[in-house]
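Beneath this line is the structure, given in structure tokens, with notes to follow.
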Amino acid sequence: MKLLAIETSCDETAAAVMERHEGEPLARTLSAVVASQVDLHEKYGGVYPEIASREHVVKILPVIAEALGAKDIVPGRLPTLDLSSIDAIAVTHGPGLIGSLLVGTQTAATLAALHNKPLLPVNHLAGHIYASFIDREEVEASPQFPLIAMIVSGGHTMLVRMKSHHDYELLGQTRDDAAGEAFDKVAKLIGLPYPGGPEISKLATRGNREAYNFPIGLAHEDALDFSFSGLKTAVLRQAQSEGVLTDKVKADLAASFERVAVDALLLKISKALDAYPVFDFILGGGVAANRHLRDRLAAMLAHRPVPVNLHVPPINLCTDNAEVIGAAALFGDIQPVKPTDLQTFSRLPLTMREIKSTI
Ligand code: KG4
Ligand code: ZN
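Numbered by my numbering, the letters in the sequence shown go through residues 1 to 359 in order.
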């Protein structure tokens, strides 16, 4: 099975051709293209939804054409799209910015109708998990079920248990800000550019992680939920009480914030593993690109009484891309829909059995 995957849920226009043969434990990337809009949104300090959707309209066909190996990509002209070797089209249909998502879903539905291909709607959050089911040189073993997965992105922070492919049990999630949102907001308040996560991470390497002791949200609750708004407010208060933010203070704030944000994630991961012992753990989403989190999680999992295998994708598969959407679609259980029945959702729970077969 070989499919074309399309992702436009936020500010990356992405397409990929992915393949997996029946029974194979990992999907393979045949081609992948990502057009990032970071430069366009930087001056607004965050994603400007209307600009994002307009840019997707401009980029979507050239990006798909490049993923399909077209030779005639010229600005303003319709490229030749050869879908003859493609068995199906997968597309993110939520959650995300509705205007952005619609560009992807409408394009996918039109291509599916024109070329008579099955159309597979994919939950963006599933994509973040399935980043760990893509073959790469350094992958030693594929994730084994049952497993626990954590998605940490700009919009979500959640722990899920999976007993098999696409079988998701939500164990806990954030009650307010997502982890990535906290990184972005803290970055903004100490004057770092968008996107804040990588900037905080860079600055933190020069700061003292113990300079400030910020609170961990819901630390004493058994629930596997998270809260990051108190941490963000504590950093804001500390910054205000410092008055002038010297480079040293900024670096110390970034380092201490990053340490506590990671403490908060590790605390609930540990509790989840105590409650639901498994041998495999998947980390996915934009914040999974964070070096401090990756290193400390790897150390924590290796030192548990029964060591847990960590599956964490390379940086380019942590942030948004189409390979992971294709991978999610290649592991079955997503029913094709008629192009005219494809729905797009700004909010879409991972656990919703949202897709009914319509063909
Ligand atoms: O998964 P993603 O690309 O988009 C969403 O689905 O939300 O995640 C974007 C989030 C942003 O909040 C960004 O600041 C954060 O991931 N992020 C990071 C790092 N790289 C990206 N956060 C912390 N450290 C990083 N290195
Ligand atoms: Zn994402």
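Virtual Cβ for every residue (Gly too), placed ideally from N, Cα, C.
Query, Result
"Cβ contact (3+ pairs, closer than 8 Å) linking the stretch 316-325 and the stretch 14-23", "yes"
"Proximity below 9 Å, CB of T174 to CB of L101", "no"
"F228 Cβ short of 8 Å to the ligand KG4 heavy atom set", "no"
"N-terminal and C-terminal residue of the alpha helix (DSSP H) that P49 is part of", "49-67"
"H56 to E12 span [Cα, whole Å]", "8 Å"
"Three-way DSSP call (helix, strand, coil) for P121 in this model", "strand"
"Proximity test, N290 beta-carbon vs the ligand KG4 heavy atom, cut-off 8 Å", "yes"
"heavy atom of the ligand ZN below 8 Å from G217 C-beta", "no"
"Simplified DSSP assignment, three categories, for T110", "helix"
"Check your reading: residues with Cβ closer than 5 Å to the ligand ZN heavy atoms", "S153, D320"
"Whole alpha helix (DSSP H) elements within the stretch 198-264, 4-residue minimum", "229-242"
"Whole-angstrom distance between M162 and L147, CA atom to CA atom", "5 Å"
"Member of L114, S36, A182, D320 whose CA lies at the smallest distance from the CA of L236", "A182"
"Where T105 falls, given that 16 or more other Cβ within 10 Å makes a residue buried", "buried"
"Three CB pairs or more closer than 8 Å across the stretch 238-250 and the stretch 260-268", "no"
"At least 3 beta-carbon pairs within less than 8 Å: the stretch 284-295 vs the stretch 89-100", "no"
"Heavy atom of the ligand KG4 within 8 Å of F345 beta-carbon", "no"
"beta-carbon S201 near the ligand KG4 non-hydrogen atom, thresh 8 Å", "yes"
"Cβ distance (whole Å) where L214 is taken to contact A239 below 8 Å", "Note that residue 214 is Phe in the sequence shown, not Leu. That pair is no contact at about 11 Å."
"Which listed residue (E138, V186, M1, H115) has its alpha carbon closest to that of P339", "H115"
"Near the ligand KG4: S31 beta-carbon under 8 Å from a heavy atom", "no"
"Spatially closest choice to I64 from K271, R54, V34, T92, by CA coordinates", "V34"
"Contact test: F183 Cβ vs the ligand SAM heavy atom, cutoff 8 Å", "Among the ligands modelled here, namely the ligand KG4 and the ligand ZN, the ligand SAM does not occur."
"G217 versus F228 - alpha carbon distance", "6 Å"
"Proximity below 9 Å, CB of A90 to CB of L3", "yes"
"Residues near A298 by beta carbon distance below 6 Å, same chain, minus five either side", "L310"
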